[in-house]
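Numbering (my numbering), first residue to last: 4 to 241.
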């Protein structure tokens, strides 16, 4: 007999959304279980006997999980839809994969590694703050940060009224009046790297995510995508 599970986990297994997003959909009254509104986060369902609908459409567990690495260009939003009709990262992959969701966000004016999947459980693991998944960025900043400024980034700086966690920071290259830094963080705060660099007085000129969760972007061309290997999937799942 199939065990019951929390509704938000079931929705994630169905590829509807991540667990957090599923809870929001429940709160908005978009989810029904056996014809009844399901707005309580703790509600459980039996996948074999309960009928779950989202926006009036029945959902069921996905048969095949898809894991994609995308090299996102500047000018794309990291959402499934955009209120301002801007291009989204999903425009860059074939729709034959079905419903996919970006794992976390990458700013409109940033580029680099972005994972796309229909695996809600993996999305939850990679985006939940408690798991502290590492993300590395190549940030070209104006000027040449001093040793004191670099140590401030390493120890934590104040942004949005809260100190950042310690970061790994290395100077990779210097070109003219600009410096390329590699910055590894374990948080996912809004525009965090840009704000961190601004806090030490060196504005970000270009920003690219080059690694996440032990995976490296490598030589994947800008705007291109590839499926993850089995080993890469295992690495992400830990």
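Note that the Cβ used here is the ideal one computed from N, Cα and C, for glycine as well.
Inset, instruction - Would you tell me roughly how many angstroms separate the C-alpha atoms of residue 165 and residue 189, rounded to the nearest one? - result: Whole-angstrom Cα-Cα distance: 15 Å.
Inset, instruction - Please determine, among 218, 185, 159, 122, the residue with the shortest C-alpha to C-alpha distance to residue 199. - result: 159
Inset, instruction - May I ask which residues mark the beginning and end of the alpha helix (DSSP H) holding residue 180? - result: Element bounds for residue 180: n/a, residue is neither H nor E.
Legend entry - Beta-carbon contacts of residue 171 that lie in its chain and below 6 Å, excluding the five residues immediately before and after: 187
Inset, instruction - Using only alpha-carbon positions, find the residue among 180, 23, 65, 231 that is nearest to residue 101. - result: 65
Inset, instruction - Report the rounded CA-to-CA distance for residue 4 versus residue 46, giving the unit in angstroms. - result: Bear in mind that the predicted position of residue 4 carries a pLDDT of just 48, short of 50, making it unreliable; the figure below should be weighed with that in mind. Taking the straight line joining both Cα atoms gives about 19 Å.
Inset, instruction - For residue 218, collect the residues of the same chain with a Cβ closer than 6 Å to its Cβ; drop the 5 residues on either side in sequence, then sort them by chain order. - result: 235
Inset, instruction - Sort out for me which residues DSSP pairs residue 297 with in a bridge. - result: Residue 297 cannot be examined here, being either before or after the span of the chain that is shown, 4 to 241.
Inset, instruction - Would you identify the three-state DSSP class for residue 77, choosing helix, strand or coil? - result: coil
Inset, instruction - Give me the Cα-Cα distance between residue 148 and residue 82, rounded to the nearest whole angstrom. - result: When rounded, the distance between both Cα atoms is 33 Å.
Inset, instruction - Assign residue 132 to one of two classes, buried (16 or more other C-beta atoms within 10 Å of its C-beta) or exposed (fewer than that). - result: By the neighbour-count rule (16 or more Cβ atoms within 10 Å), residue 132 is not buried but exposed.
Inset, instruction - To the nearest angstrom, report how far apart residue 209 and residue 55 are at their CA atoms. - result: Approximately 44 Å between the Cα atoms of the pair.
Legend entry - Simplified DSSP state of residue 155, which is helix, strand or coil: DSSP, reduced to helix, strand and coil, places residue 155 within a helical segment of the structure shown.
Legend entry - Boundaries (first-last residue) of the beta strand (DSSP E) holding residue 213: 207–215
Inset, instruction - Throw me the rounded Cβ distance for the residue 214 and residue 223 pair, which I believe falls under 8 Å. - result: That belief does not hold up - the Cβ atoms of residue 214 and residue 223 are roughly 12 Å apart, past 8 Å.
Inset, instruction - Please determine, among 162, 206, 193, the residue with the shortest C-alpha to C-alpha distance to residue 180. - result: 206
Legend entry - For residue 30, the nearest candidate out of 174, 71, 11, 225 (CA to CA): 11
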